[in-house]
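Chains as they are written, first to last, in the working numbering: chain D, 12 to 39; chain S, 41 to 260; chain B, 880 to 1181.
The block underneath contains the structure these notes are about, expressed in structure tokens.
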Amino acid sequence: EHALLRQVSSLVRRLPAIDSPKFQDDFL
Amino acid sequence: MEVEERQSELVEQFVMLAKSARGRAAAELIAHATSHPSLFAFAELLAMPHIGELQGTEHSSSLDVLKLFAHGTWSDYKCNASNLPQLLPQQQLKLKQLTVLTLAETTKVLPYDLLMRELDVSNVRDLEDLLINDCMYAGIVRGKLDQCRRCFEVSFAAGRDLRPGQLENMMQTLENWLAKSEFLLSNIQEKIKWADGMNESDKRHKKEVEEKQEEVRKSV
Amino acid sequence: EEQVCLIRERLAELYEIEEEWTKSAQMLSGIDLDTGIRAGDESYKLTKCVKIALLYLEDDDATNAEVYIKKASFMVNGCKDEAVILQYKVCYARILDSKRKFLEAALRYYEMSQLEKREIGGRIVDEEELQQALTAAVTCTILAAAGPQRSRVLATLYKDERCSKLKIYPILQKVYLERILRKPEVDAFAEELKPHQKALLPDSSTVLDRAMIEHNLLSASKLYTNISFEELGALLGIAPDKAEKIAARMISEDRMRGSIDQVEAVIHFDNDIEELQQWDQQIVSVCQSLNDVLDSMMKKGI
């Protein structure tokens, strides 16, 4: 299922969800 | 998802046409598909028997173009331009759009210098116009342009056709994600348990203090 | 007095046939509505005030028209004549439009475009007129100052499927989706505008320029974390210092979030949402995508 693979590929690329230094401070 | 939804009908149309197209007709179908402004998926077409039959025929360069659009980038085209037919302007634009998707696979922050080199763009204005009009407004990527850091931060990019060998990476990433999610989940559960424990001991402590208070009150 | 009144009405008709709108209005406004024999006839007075206002508007004279429409506003509530009421509404919307109170005008045009009863005062209001009112509503909304209220009206218009049939729809869509409008699109839109909508403002830019620049600036703030004024000027098609001035005004009026670094000549757009919320949104959309994948798999029986 190529369409499914493309969707998973797009999904996988969005991980990790956010990794900006500012986020680390906010999260901590 | 929106991109997939929008192009799924198109994919079906071209696959349907590919069932009956042979030789020149198949080559023209490839040119039509790789020029269509809303189509960014070519694996299904590439998998069609009549399309594969172009290999070794006078139309095999069309098959090469389809492979380029399924998995390649603008740089691949430039390296191989002598063996490939001259791309139409709309095909060139599409290949550049697909190149942005491929670059977004490797990292979420795309430096302008990398983009300008890979897309053959000479200045920031043209690069940003391409990213704005032909990528963000086309719905294939979402993100923010940062001129001070001269980079494009990608928050979403539509998926391209998988290149051979990419499936394993993807499975591995999913495994990691699963492991990390489980770890995070157990971590959160542990924290919840710790918080409950703390809550209990606070309650006990509070009760002891109240009892002591009562005793003191009675004795006074 | 009665004869004078009749002669004035007749002369006004003749001027109107000659399309001498202001002369026709002046002829009618010479009729004494306050103390003459007609003073008691509210309906006659209302009809005349609306008529005079409409005539002044034909010459884009919103000031005089407003004088009479204000008079009419005290009488319109008691009026039973639907045709006059509709004329009053049209007139009022056009005066707001002429006075560049675009958002109020848009709301009134939109209200009129939704007219249910088509047969009014023996006259049929046809589809074409409703479409004109809808187009006028879209035009005024686009020309209105960018901000939350305009966004709400844009959303209402964009979701009204009648708009998708209008010639102006492509630009409505881009404005609603907060997309940058390029010069060719703006020029095409400008051709449909009335003279007063292209009038010069004190700073010698036009109403349209200002609306478009503000819109594009807001659209740029959705695409950029920061941008140099040099590039912003190139993007908006204006001088960098003008871009800076407009950006500064919008930030000070709290219609855009950001800060200006004049030393570096860069504007930094603030994100409305905190990093943590951004993370939440990212997680939500990742999970949404995961659900979409699982739904697709379900659909395909995998």
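The beta carbon of each residue, even a glycine, is placed where N, CA and C say it ideally should be.
Just so you know, these numbers come straight off a predicted model, no measurement behind them.
- Put simply, the backbone Cα of GLU1109 (chain B) is about 14 Å away from that of GLU168 (chain S).
- Using a Cβ distance threshold of 8 Å, THR1018 (chain B) and ARG1029 (chain B) do not count as a contacting pair.
- DSSP, read as helix, strand or coil, puts THR147 (chain S) in coil.
- With a threshold of 8 Å between beta carbons, LEU1060 (chain B) makes no contact with chain S.
- Nearest Cα to PRO1063 (chain B) within the set B:LEU1115, B:LYS1101, B:LEU925: B:LEU1115.
- Look at LYS1178 (chain B) here: in three-state DSSP terms it is helix.
- Contact between ALA1090 (chain B) and LEU1022 (chain B) is confirmed by a C-beta separation of about 5 Å, below the 8 Å threshold.
- DSSP places ASP976 (chain B) in the helix class (H, G or I) of the three-state scheme.
- Taking C-beta atoms as the reference points, VAL194 (chain S) and LYS148 (chain S) count as a pair closer than 8 Å.
- In this structure, LYS924 (chain B) lies away from LEU907 (chain B), with their beta-carbon atoms at least 8 Å apart.
- C-alpha of TYR1048 (chain B) to C-alpha of GLN1010 (chain B): approximately 12 Å in a straight line.
- Put simply, the backbone Cα of ILE948 (chain B) is about 48 Å away from that of VAL1145 (chain B).
- Burial state of PHE1148 (chain B) is buried, judged by a 10 Å Cβ sphere holding 16 or more other Cβ atoms.
- By the rule that beta-carbons nearer than 8 Å mark a contact, MET1176 (chain B) touches chain D.
- The C-alpha of THR97 (chain S) lies about 15 Å from the C-alpha of ALA61 (chain S).
- For SER21 (chain D), the secondary structure class from DSSP, reduced to helix, strand or coil, is helix.
- Pairing GLN131 (chain S) with PHE80 (chain S) gives a Cβ-Cβ distance that is not under 8 Å.
- No Cβ of chain B is located within less than 8 Å of the beta carbon of GLN47 (chain S).
- Three or more Cβ pairs drawn from the segment 967 to 978 of chain B and the segment 936 to 956 of chain B lie within less than 8 Å of each other, which places the two stretches in contact.
- Residues of the segment 1092 to 1110 of chain B with a C-beta atom less than 8 Å from some C-beta of chain S are LEU1102, TYR1103, THR1104, ASN1105, ILE1106, SER1107, GLU1110, listed in chain order.
- One alpha carbon belongs to GLU1007 (chain B), the other to LYS996 (chain B), and they sit about 15 Å apart.
- Counted as a single uninterrupted DSSP element, the beta strand (DSSP E) harbouring TYR1103 (chain B) occupies residues 1103 to 1107.
- Looking at S:ALA198, S:ASP186, S:HIS72, the one whose alpha-carbon comes closest to that of GLN53 (chain S) is S:HIS72.
- CYS175 (chain S) has its alpha-carbon roughly 45 Å from the corresponding atom of CYS970 (chain B).
- Within its own chain, the residues whose Cβ lies closer than 6 Å to the Cβ of MET1129 (chain B), once the five positions on either side in sequence are excluded, are MET1135, listed in chain order.
- Scanning the segment 947 to 1020 of chain B from its first residue to its last, the whole alpha helix (DSSP H) runs of 4-plus residues come out as 961 to 977, 981 to 992.
- In the three-state reduction of the DSSP assignment, LEU1079 (chain B) falls in the strand class, which pools E and B.
- DSSP places SER241 (chain S) within a helical segment (H, G or I) once states are collapsed to three.
- The beta carbons of ALA65 (chain S) and PHE82 (chain S) sit about 17 Å from each other, so the pair does not count as a contact at 8 Å.
- Uninterrupted beta strand (DSSP E) stretches at least 3 residues long and entirely within the segment 111 to 191 of chain S occur at 149 to 151, 181 to 186, given in chain order.
- In this structure, the beta-carbon distance from VAL955 (chain B) to LEU986 (chain B) does not fall below 8 Å.
- At a C-beta separation below 8 Å, VAL164 (chain S) has these neighbours in chain B: GLU1110.
- DSSP links ASP1140 (chain B) through a beta bridge to B:VAL1145.
- Look at ARG182 (chain S): its C-beta is not under 8 Å from any C-beta on chain D.
- Here ASN163 (chain S) is exposed. Its C-beta has fewer than 16 other C-beta atoms within 10 Å.
- Ranking S:VAL55, S:GLU44, S:VAL51, S:CYS191 by CA distance to the CA of SER21 (chain D) puts S:GLU44 first.
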